[in-house]
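A short worksheet on the structure shown next.
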Amino acid sequence: MLWETVKLSVQSILRNPMRSFLTVLGVVIGVAAVIAMVTVGNGSSAQVTSDVESLGANLLTLQPGQSRMGPGSSDGGAARPFALSDVDAILDQVNSVSVAVPTGTQSIVAVFEGENYQTTVTGTQNGYFEARDWGLSAGRLFSSAEEKGKSVCIIGETVRDELMGRADPIGQKIRIESLNCTVIGLLEVKGANTFGMDQDDTVIMPFKTFARRIAGSTDVSSITLSVRDGYSSDRAIDDLTALMREIRRIDPGEDDDFSVRDTAQIAAMLSSVTSVLTGLLSAVAAVSLLVGGIGIMNIMLVSVTERTREIGIRMAVGAQASQVLLQFLVEAIVLSTLGGLLGIALGLAMGAVGSAMLNVPFIPDAGTIALAFGFSGMVGVVFGYFPARAAARLDPIEALRH
Amino acid sequence: MPVDPSGDRAAKIATDPPLIEVRDITRIYGTGEAEVRALDGVSFDIRPGEFVSVMGPSGSGKSTALNVLGCLDSPTSGHYLFNGVEVGGLDGDQRALLRRHYLGFIFQGYNLLPRTTALQNVELPLIYKGMSREERETRAIAALDKVGLAQRAHHDPSQLSGGQQQRVAIARALAGDPQVILADEPTGNLDTKRSVEIMELMVELNQSDGITIVMVTHEDDMAEFGSRLIWMVDGKVESDRPTKRAA
Ligand SMILES: Nc1ncnc2c1ncn2[C@@H]1O[C@H](COP(=O)(O)OP(=O)(O)OP(=O)(O)O)[C@@H](O)[C@H]1O
Ligand SMILES: [Mg+2]
Numbered sequence: 001m002l003w004e005t006v007k008l009s010v011q012s013i014l015r016n017p018m019r020s021f022l023t024v025l026g027v028v029i030g031v032a033a034v035i036a037m038v039t040v041g042n043g044s045s046a047q048v049t050s051d052v053e054s055l056g057a058n059l060l061t062l063q064p065g066q067s068r069m070g071p072g073s074s075d076g077g078a079a080r081p082f083a084l085s086d087v088d089a090i091l092d093q094v095n096s097v098s099v100a101v102p103t104g105t106q107s108i109v110a111v112f113e114g115e116n117y118q119t120t121v122t123g124t125q126n127g128y129f130e131a132r133d134w135g136l137s138a139g140r141l142f143s144s145a146e147e148k149g150k151s152v153c154i155i156g157e158t159v160r161d162e163l164m165g166r167a168d169p170i171g172q173k174i175r176i177e178s179l180n181c182t183v184i185g186l187l188e189v190k191g192a193n194t195f196g197m198d199q200d201d202t203v204i205m206p207f208k209t210f211a212r213r214i215a216g217s218t219d220v221s222s223i224t225l226s227v228r229d230g231y232s233s234d235r236a237i238d239d240l241t242a243l244m245r246e247i248r249r250i251d252p253g254e255d256d257d258f259s260v261r262d263t264a265q266i267a268a269m270l271s272s273v274t275s276v277l278t279g280l281l282s283a284v285a286a287v288s289l290l291v292g293g294i295g296i297m298n299i300m301l302v303s304v305t306e307r308t309r310e311i312g313i314r315m316a317v318g319a320q321a322s323q324v325l326l327q328f329l330v331e332a333i334v335l336s337t338l339g340g341l342l343g344i345a346l347g348l349a350m351g352a353v354g355s356a357m358l359n360v361p362f363i364p365d366a367g368t369i370a371l372a373f374g375f376s377g378m379v380g381v382v383f384g385y386f387p388a389r390a391a392a393r394l395d396p397i398e399a400l401r402h
Numbered sequence: 001m002p003v004d005p006s007g008d009r010a011a012k013i014a015t016d017p018p019l020i021e022v023r024d025i026t027r028i029y030g031t032g033e034a035e036v037r038a039l040d041g042v043s044f045d046i047r048p049g050e051f052v053s054v055m056g057p058s059g060s061g062k063s064t065a066l067n068v069l070g071c072l073d074s075p076t077s078g079h080y081l082f083n084g085v086e087v088g089g090l091d092g093d094q095r096a097l098l099r100r101h102y103l104g105f106i107f108q109g110y111n112l113l114p115r116t117t118a119l120q121n122v123e124l125p126l127i128y129k130g131m132s133r134e135e136r137e138t139r140a141i142a143a144l145d146k147v148g149l150a151q152r153a154h155h156d157p158s159q160l161s162g163g164q165q166q167r168v169a170i171a172r173a174l175a176g177d178p179q180v181i182l183a184d185e186p187t188g189n190l191d192t193k194r195s196v197e198i199m200e201l202m203v204e205l206n207q208s209d210g211i212t213i214v215m216v217t218h219e220d221d222m223a224e225f226g227s228r229l230i231w232m233v234d235g236k237v238e239s240d241r242p243t244k245r246a247a
């Protein structure tokens, strides 16, 4: 009898293609919207997390000046830079830090066989690669002799592309300002960071070479640090702050004239932003699911009203109320399931396209899929069932009068 | 086909126990000022194999009486026994079973399912009898054949004339092998020629298949196809006598 009922229901669905289509459409839109939004939201969060991790997980940056959030921001320009001795002092006295290297950057033009390319040069030491968690795809790091001021550099993939295309850069000489330097290494591709800056668009050389030949001073404009395993970044920040206040002779009660930036903080801030965004998207999706649900409800209600006469006919020829109900229930389940499956397919497709367009990973969420599917199915069933029950409770003659 | 209630058949009908016993039935719609006594103390018996015509002015309660007999409607008071069983004591599901196994309906407005073929419409009662697909189809085709519509089995009601639709409805009523067919103005929408065809079919069902028929009609000519005529006025039975043909 159940199989009979399923066949009856399918017949009845096919008998009213327009009504069936509208019912299904409500479910499809609701389910697809939720799945697409959550998929794209998930992808975006995952992207942000991996972006932040690409900065280096335990990375700290010490900068002169107080960087404040909000209006009236940084007075960094006026603050005293650091000195190389500060770096040594940190390595000597701050246990919670495993790497500390001076870091200076400057915008320059790199020239290779007549190709000019505007990029940034960073002067630093080998520890920088460790702190940034950045390996080489070819070549080698600086030797200790080179760190004392030799004309060598390690370049990023973008610089290599712009200057020499796919050619092997190792051993090539590029000119940076007045400096002819030999390329000894090629950095692994890191891609754009969270702010959209191309991290591979860079040239890195020993700090001393940079200070002497590019910057023209041994001032240290920032210090790149790595928190030692087993220490918290808060602890490292406290230690650094104490030491720097002492070195820079800042009286108690006076503000720091330097600041420590923590990638973990940035990560937390960004992930709170994306979780707000994901929340918003989910809210929009929930609304569309609700609207889809109301659509189903309407069509089910209309359909039962329209079909009260049919219910009367079926009961007149001997159907029991429970059989009529079962038929309506199965019909609603078949339609909602069909709509749900179509919605899942459409939602995943939209999610895939959206993720590709936003350049984020495609991460469908099984829980959301199940939830959206279950919800629309339930709406279909509930609103198919209750009006049908009301109709089936009538005396057949009442139902026939419709 | 002339009705011949004389002889053995008529004698047997007269002595059989009644199939339907109606005692002092009322059906009241509304309350207070707006109260309408659609049936106001109706009593009669119908024996197996009878062909009863019900006539009366509009609003006299004919349809109401037929609906009560068909368990489509419940009386306000009184007793209705079908095959000796008190119908008032049955619940909705049991009355559905009674309709399913013993009764067939023919409505003035046909009441076919739209966008559903003649065959599927005729199969409808058989589905609820739990028959297999093959058996249903065989029976439905046989029933359609009986009303001369086997050729139209796969047509929708919208593709059929009024007379053809009514014949589909008759096929549906008789496919389930009922003891009683209840027909409410089955020829109400048809011209005389079609009406006579339908009535001849009814007489045949009554005489060859022994199906008891209760038929409401407004037309004297149609009522004359029956063997007995119940005349109703204001919810009461005013007269109950054999038809001229039967007399
Ligand atoms: N659902 C209802 N609600 C209120 N009054 C009703 C209802 N159905 C029937 N009636 C009233 O009951 C009375 C009998 O109605 P019924 O339909 O049985 O008459 P009828 O003899 O079949 O008439 P007709 O020949 O016009 O079909 C009428 O006065 C009618 O108005
Ligand atoms: Mg009537």
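Chains F and H are the protein sequences, given in the same order.
Just so we're aligned: the first sequence equals residues 1 to 402 in the UniProt record's numbering.
Just so we're aligned: the second sequence equals residues 1 to 247 in the UniProt record's numbering.
Backbone N, C-alpha and C define an ideal beta-carbon position, used for all residues, glycine too.
Secondary structure of Gly26/F (DSSP, three-state): helix.
Glu310/F has a beta carbon lying within less than 7 Å of a beta carbon in chain H.
Taking a 10 Å sphere around the C-beta of Asn180/F, we find fewer than 16 other C-beta atoms and assign the residue as exposed. As the crow flies, the alpha-carbon of Ala286/F is around 18 Å from that of Thr274/F. For Pro125/H, the residues of chain F that pass the 7 Å Cβ criterion are Val317, Gly318, in the order they occur in the chain. A residue is called buried once 16 or more other Cβ atoms fall within 10 Å of its Cβ, and Leu280/F, having fewer, is exposed. Of the residues assessed, Lys62/H falls on the buried side of the cut-off, its CB having 16 or more other CB atoms within 10 angstroms. Linking Glu331/F to Thr308/F through their CA atoms gives a straight-line distance of about 15 Å.
Assignment of Ile363/F by DSSP, reduced to helix, strand and coil, places it in the coil class. Taking 6 Å as the cut-off, one finds at least one heavy atom of ligand 1 near enough to the beta carbon of Gly61/H. Shown here is that no member of the region 26 to 40 of chain H has a Cβ falling below 8 Å from a Cβ of chain F. A heavy atom of ligand 1 is found nearer than 6 Å to the CB of Ser58/H. If you draw a straight line from the Cα of Thr5/F to the Cα of Leu326/F, it is about 7 Å long.
Looking from the CA of Thr278/F, the closest CA among Gly367/F, Asp229/F, Thr39/F belongs to Thr39/F.
By alpha-carbon distance to Gly191/F, the top candidate from Ser107/F, Val291/F, Val52/F is Val52/F.
Chain order gives the chain H residues near Glu4/F as Ile127, where near means a beta carbon separation below 7 Å. Contact annotation: Thr218/F and Thr61/F have beta-carbon atoms that are not nearer than 7 Å. Spatial neighbours of Pro75/H in its own chain (CB-CB distance under 6 Å, excluding positions within 5 residues in sequence) are listed in chain order as Ile25, Arg27, Val68. Straight across, the Cα-Cα distance linking Ala38/H with Ile313/F is about 23 Å. Rounded to the nearest angstrom, the gap between the Cα atoms of Pro114/H and Met18/F is 15 Å. A contact is defined here as three or more CB-CB pairs under 8 Å, and the region 194 to 209 of chain F meets this definition with respect to the region 116 to 125 of chain F. In this structure the region 293 to 310 of chain F does not lie against the region 74 to 91 of chain H, because fewer than three pairs of beta carbons, one per stretch, are closer than 8 Å.
Cβ neighbours of Ala89/F within its own chain (closer than 7 Å, five residues either side excluded): Leu243, Ile247. Taking 7 Å as the CB threshold, Pro396/F lines the interface with chain H.
Of all residues in the region 321 to 351 of chain F, only Ala321, Ser322, Gln323 come within less than 9 Å of chain H when Cβ atoms are compared, listed by chain position. Across the structure, Ser45/F and Arg212/F are spaced so that their CA atoms are roughly 43 Å apart.
When only Cα atoms are considered, Trp134/F and Leu141/F end up about 11 Å apart. Taking 7 Å as the CB threshold, Asp93/H lines the interface with chain F. Not a single C-beta of chain H is nearer than 7 Å to the C-beta of Arg307/F. Taking 6 Å as the cut-off, the C-beta of Tyr110/H does not count as close to any heavy atom of ligand 1. Chain F has no Cβ within less than 7 Å of the Cβ of Ala169/H. Secondary structure at Gln207/H: helix, using DSSP grouped into helix, strand and coil.
Ser282/F and Val34/F have their alpha carbons spaced roughly 7 Å apart. The C-beta of Gln159/H has fewer than 16 other C-beta atoms within 10 Å across all chains shown, which makes the residue exposed. Taking the C-beta atoms as reference points, Val233/H is found nearer than 7 Å to Gly56/H. Under the three-pair Cβ rule at 8 Å, the region 131 to 143 of chain H does not count as touching the region 92 to 105 of chain H.
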